[in-house]
Structures are given as structure tokens and as C-alpha cells.
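Visitor: Protein chains in written order, with my numbering: chain Z, 1 to 205; chain V, 206 to 639.
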């Protein structure tokens, strides 16, 4: 029984098929788990291990390296405020402090109603609109405390849901078909992988 | 005076609201460069790029043509595009992937044809949710249009492109760490040698890794010729380049600027670019090429925007990010925040980087927030020296990758340039700018 919903399981299998080796699908698959569960759940980790031919420990070890993967549950909306150099010079620290007061939530934690998690982020590459604010990795471009408050009110009322979908950076990414690599290329890749495995075994004595 | 008459090579479509669509791309000459490339021999295409002297736009500035020529001949080879743009205050690739994804895709197809590889991956940082959507949509349209997939435009050449999401790790901008991420592993940079993925890259097979902006230049180069590109700029710095201008300027943003013909002063003050500093305050310092670069002072404002011009003065053009500090900006706070970033993003493999970044961050924190001591200045310089012995430029390396030696740049520069400000922080036991 798959933990992933039927549609997500199908997307997961399609993703694995796009790569020369299944493990390469690790990061996109973890994004799919987060899309469904809101975080990288233990059940999701087991399923990614199965899909990539690795172990749950290996998957968790990989996921924990990357900031976007939440290994504990987070709020429905993850609000990120950047304080890195360009945002620092534009009042990023002050905006983050304001956000913490407005949401009544310490930086790095989740509001009591489970709606918002507030994060201090590193540079998100939108420095022309500093300080940079994102909600579920959508750039909302609210650079003043007033604009931030208005945005939070709208999000709370569900009025921004069309532009701020749930977790999962791939939630709206769909490929229009499978792999289009010619068969002989795939055969050559398989032969190369086999040769590499043989070399490793030889090296291991 | 700024020189503004260069063609817009990578930003020509950005005035259009629908610049990301195939319809707009085709209406503005899109995919004609690919058709032209397919009518040429792959080596001819590579020769044009070589002639263009296109320096890689990611940060290291390695000539793209030479990188291509190093690809080890093999049955299996890959092209990987580095779109993990994470150097603080760098936001040019973000613009290109969201606003002109077809230009990137066409560049990728041209490069793959020149290299005769049948598989390419576009690694985009995971935070670019819209960028991922736009690039995938562009790929979908390109497949339907016949520009991708089997038998591209009836040429017999086949190519598949997969867009791969990162998941939040600055270090994955380092090309071997990026390949680890693409192999589904923790983003640990690989031990060198081998120095170049062209010899041993993805899955150990020969791989070319090029930056998004580098790829986006290719359609223009193929259409207009490498010589036309090389005629722009001067010396080794040819063509135009995107500069991401941020910090204390009136008009922060991404500007396409002809290399060498313009100076940092032009970029910061010209009404076509930065438009000056808010309140006409004086520039106190600026970071010329991303936070890994040593800082410059106002006396270097007239330096031309060129790779060697900046490199010769003890810093680098790096990722094309320019950050301006004015006299209201605290140099200690700026340097502390940059160190905090490196400390958070160190992958932890090498001791000088893992431990050194944390030590420096803690010493800088107490200087900025109260608790700093006069001895901290010597301590900081000693810590910097442990990571990059001699504090030379380019730096000596004690670590697997260049993240380590990037850590001292800002702290060392800040102490050299603003020692009085550090002492004032000790004196007031906190930040005098608060």
C-alpha cells in the first residue's frame, strides 16, 4: 500500500523514469512527499527509499542536508523573511522582528493555530525587491510592515490561495511526456553504469 | 558617462508581459538560432562560441569554449545547467528563468548539439517555484514545437532535457556539489582532482556544467557570430553581462551592461542603472562580485566592469552582484551577516571552513551586539589566516571547495577599511549605528 496518493505515486514513478539512475530522483520525490504531507514524513521517507532503491536512513540523511525539507511538521504557510546582505541594508531584520510580533510567533516556530511558520531565510535571489518575503516559496514582494500585515490578512482569509499553493515547489510543475532519449543512448548509459560497477568491485579487491 | 549603445543580448524580450511564452519567443526570432546551428557542423558551433570568448557567467569566469573542448570523448556524456543561483545579492538568473525560459532552453539545445550529448539537466534552486514552472512549461512547448526530443527539427539530432529542483543549499552552486545533488545525495563538493567534471562528472561520466546566463547568450552568438560578440567589451571580457545591483541605491535591479565600457560609478549612478544613492549620501564601500569577493572603497568606483580589471585590483567580478554600502550602513553588521551566512551554509566536510566560519561569526556577533574586545580584531585576522593562509588574492585554499576561502573576504576587508568602526563598537559595547 503506497503512502503517496495515487496521483502523486504516478508522478513519482514518472520522475524516477526520467533519470539514468533512480536515486537521482531523490530531491524531486522529497518535494512530492512535502506536497502531500506538508513535511517530510517518516512514511514518505520509507516510500522514497523504496522508489530510489536506498534505505530510509539514507533518505533522511540526504533530506536533512537541504533547508527546504522540513523533517518536523510546519504550518500550512511557511513565511520566509530574508535578512541577508541586500535585505539587511533594506531593513530585513526590522521586518523579520515585525513579522514575529504580528504573527505572535518566534522566528523558527509555528503559530498556535498551525497556520503560519516563520523562518529567517538566506538570500532568495529577489534583491531588487528587498527585504524579500516569501510564502510557501512564492515571492509576495511586501517590503513594508503595512504591506506585510495586509498580505497576512489576505492569506489568513484564503484570498491568496490561487497564487500561494500548498507546500511542494513542484505542485504546478508538469512534464508533458516521458523520456525522449533514443534507445541506443539508454543502452550506452546502462553499459557505462555496468562498467563503472565492475571497476568499483575490482577496486574493492 | 555610461555607454548604453550595446545590443541587449539576453534581456531583449523582457519589456513584453508574455516574454516567457513560445508565441512571444517565436514572434521575436526564437529558435532561428537553433535552426542555423543545426545546419552547421557541431564543431563549427563550438568554434563560434570559442571565438566569442564567452566567459562563464556563474562566478569563476572560465571560458565556455575551453570548458567544452575539455569534454572527454565518450559514448555517454552529459550537459548540466547550473541554475542554483544562491550567492547573496545575485538575482540575474532568477530573472532569466522566469522571464525568458525559452532563450535558456534554446541555448541548452545549441550547446548539447555542439557537444553532441543527448541528455541535459537544468538544475534550478528549489526556491524558484515559478522558475521551475516556467522552465518546464517552456520545455513542454519546445517538445511540441519539435525543437526538443527525437530528431530535433528533422536534423537527426535527439535531446532530452530534465529540469531538476534543488532543495535549499548554497553549496550546490559549486559544480561538483551540484552533481551530487543531481545524483540524489547530500551536496558535498567532491575532492579534486579530478578538477573538471568534463573529465569525470555526473555518474563519473564526462559532463559540461554551464551557468544559466552563459547558456542564454548562445542563441545570439550563433545568430550574430562569435566575432560580433567578441567585438563588444574589451580584452578577455567580451559581450554584455548582467549585473545585479542591490543595497543602498535608488534603483536596485538587474542591468545588462557592456563589459569594460562602463564602470562601477556608471552602474551605481547612471539614471539608466542604479540612479545614485538614496538621499545623495556618499558610497562608503561596495562589494563588486558577490559576498565571496573582497570589498572596494569609493576610490575604486571608476574601475571598469571587466574580469581582469577587477581581478587585478584584488577582488573579482564573481557572480555579477554589486552591493552598495553608504555612510548609514554599518560595516561590522554587514560583515557579520555575511559570515553568519557562510557559517550556516558550510557543508561541514573541511575543518577550517566548518569551525572557522562559526568562530568568526561568534566574534563578529559580539562586536556588533555588545561584548566585543579589542583583541577580537587580531583574533579575527588569525582565524581568517587559518582558513586562507596569507590572506592573499586569489586566496590560498585549505579546503575542498572555494566556500572556505570566501569566508575571510568580507571580514578581512572590513577590518582593513574600517578599523575605527570596529574600535567604536568595542568602545560603545554595541553598534554605534543603532
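Just so you know, even glycine gets a beta-carbon here, dropped at the ideal spot from N, CA and C.
#1: Can you tell me which of the three DSSP states residue 138 (chain Z) falls into?
#2: Just by C-beta distance, which residues in the region 172–201 of chain Z are closer than 8 Å to chain V?
#3: Whose Cβ in chain Z lies nearer than 9 Å to the Cβ of residue 554 (chain V)?
#4: Check whether the Cβ of residue 354 (chain V) lies closer than 8 Å to any Cβ atom in chain Z.
#5: Is the beta carbon of residue 393 (chain V) sitting closer than 8 Å to the one on residue 380 (chain V)?
#6: So with Cβ pairs under 8 Å, would you call residue 234 (chain Z) a contact of chain V?
#7: Quick one: Cα of residue 240 (chain V) to Cα of residue 525 (chain V), how far?
#8: In chain order, what residues of the same chain lie with their CB nearer than 8 Å to the CB of residue 89 (chain Z), ignoring the 5 residues before and after it?
#9: Which ranges does the beta strand (DSSP E) cover as unbroken runs of at least 3 residues, wholly within the region 243–304 of chain V, from first to last along the chain?
#10: Distance check for residue 350 (chain V) and residue 217 (chain V), CA to CA, integer angstroms please.
#11: Please classify residue 189 (chain Z) as buried or exposed, where buried requires at least 16 neighbouring CB atoms within 10 angstroms.
#12: Near residue 274 (chain V), what residues of its chain come up, given a Cβ to Cβ distance below 8 Å and the 5 sequence neighbours on each side ignored?
#13: So, helix, strand or coil for residue 431 (chain V), using DSSP?
#14: Out of V:378, V:501, V:497, V:424, point me to the one whose CA is closest to residue 562 (chain V)'s CA.
#15: Rounded to whole angstroms, what is the Cα-Cα separation between residue 397 (chain V) and residue 267 (chain V)?
#16: Could you give the DSSP three-state label for residue 574 (chain V): helix, strand or coil?
#17: Tell me the DSSP bridge mates of residue 451 (chain V)?
#18: Output, in sequence order along the chain, the residues in the region 289–310 of chain V whose CB is closer than 9 Å to any CB in chain Z.
#19: Per DSSP, what are the beta-bridge partners of residue 589 (chain V) in this structure?
#20: At 7 Å on the CB atoms, spell out the chain V contacts of residue 66 (chain Z), in chain order.
#21: Name the DSSP bridge partner or partners of residue 31 (chain Z)?
#22: Compute the Euclidean distance between the alpha carbons of residue 515 (chain V) and residue 34 (chain Z), then round it to the nearest angstrom.
#23: Could you round the C-beta distance between residue 517 (chain V) and residue 257 (chain V) to whole angstroms and report it? I think they count as a contact, below 8 Å.
#24: Name the one or two DSSP bridge partners that residue 490 (chain V) has.
#25: Beta-carbon within less than 8 Å of residue 410 (chain V)'s beta-carbon, same chain only, minus the 5 sequence neighbours each way: which residues are those?
#26: Which residues in the same chain as residue 261 (chain V) place their Cβ atom closer than 8 Å to its Cβ, once the five residues preceding and following it in sequence are excluded?
#27: Got a sec: is the Cβ-Cβ distance from residue 28 (chain Z) to anything in chain V below 8 Å?
#28: By the criterion of Cβ-Cβ separation under 7 Å, what are the contact partners of residue 453 (chain V) in chain Z?
Guide: Let's see:
#1: Within the first chain, residue 138 (chain Z) is the residue found at index 138, counting from 1. Here residue 138 (chain Z) sits in strand by DSSP.
#2: Sequence-ordered contacts of the region 172–201 of chain Z with chain V read 172, 173, 174, 175, 176, 177, 179, 180, 181, 182, 185, 188, 189, 191, 192, 193, 196 [C-beta pairs closer than 8 Å].
#3: Taking the first residue of the second chain as position 1, residue 554 (chain V) is located at position 349. Going along chain Z, no residue has its Cβ under 9 Å from residue 554 (chain V), so there is no contact; the nearest lies around 11 Å.
#4: Counted from its first residue, the second chain places residue 354 (chain V) at position 149. Yes, residue 354 (chain V) counts as interfacial toward chain Z.
#5: Stepping through the second chain from its first residue, residue 393 (chain V) is reached at position 188. Stepping through the second chain from its first residue, residue 380 (chain V) is reached at position 175. In this structure, residue 380 (chain V) does not lie closer than 8 Å to residue 393 (chain V) by Cβ.
#6: It is not possible to answer for residue 234 (chain Z), since the shown part of chain Z is limited to 1 through 205.
#7: Against the second chain, residue 240 (chain V) aligns to sequence position 35. Against the second chain, residue 525 (chain V) aligns to sequence position 320. For residue 240 (chain V) and residue 525 (chain V), the distance between alpha carbons rounds to 31 Å.
#8: Here residue 89 (chain Z) is taken as the residue at index 89 of the first chain, counted from 1. For residue 89 (chain Z), where only same-chain residues beyond five positions count, the Cβ hits under 8 Å are 130.
#9: 283–288
#10: Translated into positions along the second chain, residue 217 (chain V) becomes position 12. Translated into positions along the second chain, residue 350 (chain V) becomes position 145. Going by the C-alpha atoms only, they are around 22 Å apart.
#11: Locating residue 189 (chain Z) in the first chain gives position 189, where the first residue counts as 1. The residue is buried, with at least 16 neighbouring Cβ atoms inside 10 Å.
#12: Translated into positions along the second chain, residue 274 (chain V) becomes position 69. Excluding residues within five positions, the ones whose Cβ falls inside 8 Å are 251, 255.
#13: For the purposes of this step, residue 431 (chain V) is taken as residue 226 along the second chain, with counting starting at 1. Helix at residue 431 (chain V).
#14: Along the second chain, one-based indexing puts residue 562 (chain V) at 357. The option with the nearest alpha carbon to residue 562 (chain V) is V:497.
#15: As a position in the second chain, residue 397 (chain V) is number 192, starting the count at 1. As a position in the second chain, residue 267 (chain V) is number 62, starting the count at 1. If you take the alpha carbons of residue 397 (chain V) and residue 267 (chain V), they lie about 17 Å apart.
#16: For the purposes of this step, residue 574 (chain V) is taken as the residue at position 369 of the second chain. Correct three-state label for residue 574 (chain V): helix.
#17: Walking along the second chain from the start, residue 451 (chain V) turns up at place 246. Answer is V:528.
#18: 290, 291, 292, 293, 294, 295, 296, 297, 298, 299, 300
#19: The residue you call residue 589 (chain V) lines up with position 384 of the second chain. None; residue 589 (chain V) has no bridge partner.
#20: As a working mapping, residue 66 (chain Z) is identified with position 66 in the first chain. Going along chain V in sequence order, the residues near residue 66 (chain Z) (Cβ under 7 Å) are 372, 373, 374.
#21: Stepping through the first chain from its first residue, residue 31 (chain Z) is reached at position 31. Paired residues: none, contrary to the question.
#22: Taking the second chain and counting its residues from 1, one reaches residue 515 (chain V) at position 310. Taking the first chain and counting its residues from 1, one reaches residue 34 (chain Z) at position 34. Those two C-alpha atoms are separated by around 44 Å.
#23: Walking along the second chain from the start, residue 517 (chain V) turns up at place 312. Walking along the second chain from the start, residue 257 (chain V) turns up at place 52. So it is not a contact: roughly 23 Å between Cβ atoms.
#24: Along the second chain, read from residue 1 onward, the residue named residue 490 (chain V) stands at position 285. Answer is V:530, bridged to residue 490 (chain V).
#25: What you label residue 410 (chain V) is simply residue 205 of the second chain in a count that begins at 1. Closer than 8 Å at the Cβ level, and outside the excluded window around residue 410 (chain V), lie 279, 281, 282, 283.
#26: Position 56 of the second chain, counting from 1, holds the residue named residue 261 (chain V). Contacts found: 267, 268, 269, 272, 415, 416, 419.
#27: Locating residue 28 (chain Z) in the first chain gives position 28, where the first residue counts as 1. Cβ-Cβ to chain V under 8 Å: yes for residue 28 (chain Z).
#28: By one-based count along the second chain, residue 453 (chain V) stands at place 248. Correct list: 89.
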